[in-house]
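Visitor:
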Amino acid sequence: MYALIDCNNFYVSCERIFNPTLSNQAVVVLSNNDGCVISRSEEAKQLGIPMGAPFFQYKSLFQKNNVKIFSSNYALYADISERVMNILNKYTPDIEVYSIDESFLKFNGYDDFFNIEKIAHQIKQEILKGVGVPTCVGLAPTKALAKIANRIAKKFPKQLNGIYSIDSEEKRIKALKWIAIEDVWGIGRRLAARLRFLNINNAYDFTQLSDQYIRKEFSVVELRLKKELLGESVLKLEDIKNKKNIATTRSFEHDENDFEFVKERVVTFASSCAEKLRKQNSNANLISVFIQTNPQKETLQYRRNVVLKLPFASNSSITLAKYAIKGLEQIYKEGFAYKRAGVIVSGITDANQKQLNLFSDEDSRHQELMKTIDGLNRKIGETKIKLGSQDLERTWKMRQEHLSKNYTTNINQLIEIDLNLA
DNA sequence: GGACCTTCGTCGCAACTT
DNA sequence: AGTAAAGTTGCGACGAAG
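Each step along the first sequence adds one to the number in my numbering, with nothing skipped, and position 181 is 182.
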């Protein structure tokens, strides 16, 4: 049996931990560059603020309703997430951390929903008391059904106390008929539109389609989904694996038509990818660079990406930066105003089993240098040691007008308690 | 030797997720 | 002035090899 534990509007809940006056208030957290809304408190949802709402379009609504606004503070959220996952780990080793705010747990051997609901309740309590984040739990025989159960738990907090089990045929059918097709895990915008056109409006309708039809008109993914929805578990827990791609991509604060600016960004992105590679002890064999103009604007559009094969597997910031620049030079065109760029590394291999290349290899001093740089940056707590071509003042330039403090990860920003309150 | 078929790896892209 | 970032997977096209 699977449990899906999901933190309620996670980023907002993280902000609320350190600022209790935010409870019962409409709160939103914005994406990088303060671009759009990526987390909303229940009260904010009630105001009709959709997920992904562009900040500038909703600014007046926020003002009118006194919505509390935060720039995203990923260091804080990652730290809180780790604390939540540590608690989950105490309950079972069979756990899949699915995203920053949700995990699948598998309870083997017993299908006693009554007991597992009690455990789920305990987990919820411990996370709420220990970390300060509210969660919801969905219980079901398959992962896809656990997703739906979780959604039901979230939707009816008063009646269900944040826990719902799909533990009988009646409840399974009822749940499938309840959930709209576009809200089913794995059904995105495109598929939903096609299915709606076929008058498939909920998960139950979907399960009435024949296997052959689904396989022919859609794909193996949808066939697997049908089985999951019928209660046959085909999706298993996945282990924590090293990433197969690593990306660092950002929008710029303004449109940019200066090659040197874009180049500096690309070097920084490449160096950040290298850092992530070193963290998981991997090398990359391929590096891809992309640039694009602002697709929201009606100016002349240009977007390109290029993939370069590295002569040897590497995780050196210097090497990756060098090839990133090479790639950028191939695709950069004068006369366009660029809004976004990124570096993605792939073809990832284990750093310990580096293949010797007969013709070219990296300067062996890179390894030591990177180790030193990582060590220093770790000590400082943020990336301060950079390559010569990077902009040292760059951290200033992302728009983050509503940033909260790093309460848990930076010693200088610990929360202060006023002892004179009483 | 050439035509044909199959298999396999790679690449670009689309679609999906949070 | 302004609309996120990061990741996985599947699939079709294509070319090399057998």
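Don't be surprised by glycine CBs; every beta carbon is placed ideally from N, CA and C.
In this text, all values refer to a predicted model and were calculated from it rather than measured experimentally.
#1: Check V267 in the structure and name its three-state DSSP category.
#2: Within its chain, find whatever has a CB closer than 8 Å to the CB of N66; leave out the 5 residues flanking it on each side and keep chain order.
#3: L106 and G232: beta carbons closer than 8 Å?
#4: Along the chain, where does the alpha helix (DSSP H) that runs through F313 open and close?
#5: Can you tell me whether DSSP reads T373 as helix, strand or coil?
#6: Do you know offhand how far T249's Cα is from K310's?
#7: Short of 8 Å in beta carbon distance, which residues of its chain neighbour A176, apart from the five on each side in sequence? Order them along the chain.
#8: Within the chosen definition, does the region 335 to 344 reach the region 276 to 290 through at least 3 CB pairs nearer than 8 Å?
#9: Could you compute how far the alpha carbon of L129 sits from the alpha carbon of R195?
#10: State the DSSP-derived secondary structure class of W397, mapped to helix, strand or coil.
#11: Measuring straight from C-alpha to C-alpha, what distance separates T294 and I332?
#12: I need the DSSP call for A248, collapsed to helix, strand or coil.
#13: Sorted by chain position, which residues of the same chain lie with C-beta nearer than 7 Å to D95's C-beta, five sequence neighbours on each side aside?
#14: Taking the Cβ atom as the reference point for each residue, do R305 and I326 lie within a distance shorter than 8 Å?
#15: From the DSSP secondary-structure annotation, give me the bridge partner or partners of D168.
#16: Buried or exposed for V221, going by 16 or more other Cβ atoms inside 10 Å?
#17: List the endpoints of the continuous alpha helix (DSSP H) containing I345.
#18: If you follow the alpha helix (DSSP H) that S318 is in, where does it begin and where does it stop?
#19: Please state whether DSSP places L231 in a helix, a strand or coil.
Guide: So, from the listed chains and residues:
#1: On the first sequence, position 266 is the one that residue 267 refers to. Correct three-state label for V267: helix.
#2: In the first sequence, counting from the first residue as 1, residue 66 sits at position 65. Around N66: A27 and L48.
#3: Indexing the first sequence from 1 puts residue 106 at position 105. Indexing the first sequence from 1 puts residue 232 at position 231. Against a cut-off of 8 Å, the Cβ pair of G232 and L106 comes out as no contact.
#4: In the first sequence, counting from the first residue as 1, residue 313 sits at position 312. For F313, no alpha helix (DSSP H) run applies; the uninterrupted beta strand (DSSP E) run containing it begins and ends at R304 to S315, by DSSP.
#5: Here residue 373 corresponds to residue number 372 of the first sequence, with the count starting at 1. Under the three-state reduction of DSSP output, T373 falls in the helix class.
#6: The residue you call residue 249 lines up with position 248 of the first sequence. The residue you call residue 310 lines up with position 309 of the first sequence. Cα-Cα distance, rounded: 18 Å.
#7: Stepping through the first sequence from its first residue, residue 176 is reached at position 175. So the qualifying residues of the chain are L146, I149, A150, I153, I167 and A204.
#8: The region 335 to 344 vs the region 276 to 290: in contact.
#9: To locate residue 129, count along the first sequence from 1; it is residue 128. To locate residue 195, count along the first sequence from 1; it is residue 194. Between L129 and R195, the alpha-carbon positions lie close to 41 Å from each other.
#10: Indexing the first sequence from 1 puts residue 397 at position 396. Residue placement at W397 is flagged as unreliable, the pLDDT there being 43, under the threshold of 50; the coordinate-derived value follows with that caveat. The answer is helix: DSSP assigns W397 an H, G or I state.
#11: Taking the first residue of the first sequence as 1, we reach residue 294 at position 293. Taking the first residue of the first sequence as 1, we reach residue 332 at position 331. Their Cα atoms are separated by approximately 13 Å.
#12: Taking the first sequence and counting its residues from 1, one reaches residue 248 at position 247. Residue state, collapsed to three classes: strand.
#13: As a first step, residue 95 is located in the first sequence; it is residue number 94 there, counting from the start. Correct list, in chain order: L106, K107, N109 and L238.
#14: Taking the first sequence and counting its residues from 1, one reaches residue 305 at position 304. Taking the first sequence and counting its residues from 1, one reaches residue 326 at position 325. No, the pair does not count as a contact, with Cβ atoms beyond the cut-off.
#15: Here the question's residue 168 lines up with position 167 in the first sequence. Bridge pairing for D168: absent [DSSP].
#16: Along the first sequence, read from residue 1 onward, the residue named residue 221 stands at position 220. Classification for V221: exposed.
#17: To locate residue 345, count along the first sequence from 1; it is residue 344. Premise fails: I345 lies in the beta strand (DSSP E), Y339 to S347, not in any alpha helix (DSSP H).
#18: Residue 318 sits at position 317 when you count from the first residue of the first sequence. Secondary structure note for S318: its alpha helix (DSSP H) is the uninterrupted segment S318 to I332.
#19: The residue given as residue 231 occupies position 230 in the first sequence. The three-state secondary structure of L231, taken from DSSP, is helix.
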